[in-house]
Amino acid sequence: MLARVTACLLALAGVHSLSNLPNYTHVKLGVVVDERWIRTEGATLEQMEEIIRSAFAVADDKLAHGEFMIEWTNHSMVTQDYGKDLTALLSLVDCSKSHSLSRKVAKHNTMHVAISDIGCKRLVQDTSLLIPVVEPGNSIVQLLADLRYAHTMPWKSFIVIHDESISKSLADSIHQILVRDA
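Per the working numbering, residue 20 is the first one in the sequence shown, and the count goes up by one each step.
Listed below in structure tokens is the structure:
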């Protein structure tokens, strides 16, 4: 699932819009990965690297006067001043690491696209975007998380009524989102 999400994101990333960039544009993309998180999402580091590198190779070919550079970093190697020399950051890490990276790169106005856990609170920095990995049928979990974190529905208690069409794991995920920070 993670590999499909990343492939779709990069396919939609605007390879065709690169012709609008000024001449001699140098785009430096940082890619921060947490291999353990990638494995829990059902992908391998090698798969993700191949998808990202091939997508940006196409983009680099379309960029007639300039170049695309990719800087790979393991999350454990990220420093406090990370992002100061990057145009954009793509992160594939868990929720808490996504928020930490977003705070670090926001200081440098670096655009951050985070692919992260379902139920993760959206990133608050203007230069950041969080895309949760959502399995088919589980979108209600992210919807409830978004409502909860945006204080759209400021509830103090809740009752969830459902039938047997909701699996036990989905019901558990809904419950975990609703009780988080309660």
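Beta carbons: idealized from backbone N, C-alpha and C, even for Gly.
| task | Less than 8 Å between the CB atoms is what I'm expecting for residue 182 and residue 113, so what's the real figure, rounded? | result | If you number the sequence shown from 1, residue 182 lands on position 163. If you number the sequence shown from 1, residue 113 lands on position 94. Their Cβ separation, rounded to whole angstroms, is 32 Å, which puts residue 182 and residue 113 out of contact at 8 Å.
| field | 6 Å CB neighbourhood of residue 132 in its chain, flanking five on each side removed | value | Residue numbering aside, residue 132 sits at position 113 when the sequence shown is read from its first letter. Only 109 and 148 meet the Cβ criterion.
| Do residue 118 and residue 102 come within 9 Å of each other at the CB atom, strictly closer than that value? | As a working mapping, residue 102 is identified with position 83 in the sequence shown. As a working mapping, residue 118 is identified with position 99 in the sequence shown. Contact: no.
| task | Would you list the one or two residues that DSSP bridges to residue 110? | result | Mapped onto the sequence shown, residue 110 falls at position 91. Residue 110 is bridged to 51 and 133.
| For residue 97, the nearest candidate out of 74, 163, 87 and 123 (CA to CA) | Working through the sequence shown from its first residue, we reach residue 97 at position 78. Selected option, being the one with the closest Cα: 123.
| said: Within the continuous beta strand (DSSP E) that includes residue 148, where are the two ends? | reply: On the sequence shown, position 129 is the one that residue 148 refers to. Looking at the DSSP string, the run of the beta strand (DSSP E) that includes residue 148 is 147-151.
| Range of the contiguous beta strand (DSSP E) that encloses residue 89 | The sequence position of residue 89 within the sequence shown is 70, counting from 1. In the DSSP assignment, residue 89 falls within the beta strand (DSSP E) that extends over 85-93.
| By Cβ distance, which residues of its chain are closer than 7 Å to residue 64, with the 5 residues on each side in sequence left out? | Locating residue 64 in the sequence shown gives position 45, counting from the first residue. Result list for residue 64: 52, 54 and 57, in chain order.
| message | Could you pull the DSSP bridge partners for residue 181 from this structure? | response | One-based indexing of the sequence shown puts residue 181 at position 162. According to DSSP, residue 181 bridges with nothing at all.
| request: Please classify residue 127: does DSSP put it in a helix, a strand, or coil? | output: Mapped onto the sequence shown, residue 127 falls at position 108. DSSP places residue 127 in coil when its eight states are reduced to three.
| According to DSSP, is residue 37 helix, strand or coil? | Taking the sequence shown and counting its residues from 1, one reaches residue 37 at position 18. Because the pLDDT of residue 37 is 45, which lies under 50, any placement of that residue in the model is unreliable, and the number read from its coordinates should be weighed accordingly. Residue state for residue 37 is assigned as helix, using DSSP reduced to three classes.
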